[in-house]
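Okay, so here's the structure we're looking at.
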Amino acid sequence: MRKEDKSTIISTIAETVKEYDFFYLTDVSTLNAAKTSELRAECYKSDIKLMVVKNTLLQKALESLDTDFTELIPTLKGNTAIMFTNTANAPAKLLDKYSKEGIPALKAAYVQESFYIGKDNLKALVNIKSKEELLGDVIGLLQSPIKNVVSALQSGGNTIHGVLETLSNR
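Using UniProt numbering, the first residue of the sequence shown is number 1, and each one after it goes up by one.
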C-alpha cells in the first residue's frame with residue numbers, strides 16, 4: 001500500500017471517530033462470510049457503522065486526535081473491526097446477542113468518555129442507557145407527581161359528588 005493511500009485511510013478513520021460519539025473495538029476473525037454479512041446487516045438496521053481496519057492505521061488515527069486513546073492501544077492485536085454509533089448501548093446489545101456463539105468478541109469500547117477494556121465489560125455496556133431512555137425516565141419522574149395529584153383530585157371529586165348527592169336525597 002502506498003504512503004498516500006495510508007494517510008488517506010488514517011484521516012478517514014480519524015474523521016469517522018470524530019463524527020461519532022461512541023465506538024467499540026471487536027474481534028471478528030472467527031466470523032465466516034455468511035456471519036459477517038449477517039453482522040453487517042444487523043449493524044445497518046441498528047444505525048451502527050462497521051469498519052474493518054488495520055491495527056497500525058487505527059493506532060495512527062487515534063494518535064492523531066486530541067483525545068488520549070492510549071488505553072486502547074494494547075487491544076489492537078489480531079483482526080479489529082470498529083463499530084461506530086451515536087447510541088451508547090446499541091453495539092453492546094448487538095454483541096451480547098451474538099455472544100452466545102462466542103463471536104464477535106469485544107476488545108474495548110469508548111463510551112461516555114470512558115474506556116471499557118475486555119469482554120467482561122459487555123454486560124455493563126448493555127445496561128448503559130441511551131440519551132432517549134434517560135430523557136424518558138426523567139419525563140416519567142416529572143410527570144408522576146402531577147398524575148398523582150390529578151388522579152387524587154378526580155377521585156376526590158367523585159367522592160364529594162357522591163356525598164353531596166346522598167345528603168340531598170336525605
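For each residue, glycine too, the CB sits at the ideal point set by N, CA and C. None of the values given here were measured: they were computed from a predicted structure.
Where DSSP assigns a beta bridge to residue i, which residues make up the other side?
i	result
residue 82	25 and 51
residue 111	114
residue 106	26
Figure out for me which residue from the options has the closest Cα to the Cα of residue i.
i	options	result
residue 124	44, 135 and 112	112
residue 21	82, 74 and 95	82
residue 62	15, 39, 170 and 114	15
residue 134	31, 147 and 89	89
residue 72	30, 94, 107 and 1	107
residue 9	67, 69 and 59	59
Pull up the distance between the alpha-carbon of residue i and that of residue j, whole angstroms please.
i	j	result
residue 41	residue 34	11 Å
residue 128	residue 65	25 Å
residue 54	residue 24	15 Å
residue 131	residue 167	54 Å
residue 141	residue 47	29 Å
residue 92	residue 119	10 Å
residue 79	residue 86	23 Å
residue 146	residue 139	11 Å
residue 144	residue 126	27 Å
residue 84	residue 76	16 Å
residue 114	residue 151	43 Å
residue 1	residue 136	49 Å
residue 13	residue 94	22 Å
With a cut-off of 8 Å on the beta carbons, I'd call residue i and residue j a contact; round off their distance for me.
i	j	result
residue 122	residue 96	6 Å
residue 109	residue 116	4 Å
residue 28	residue 52	7 Å
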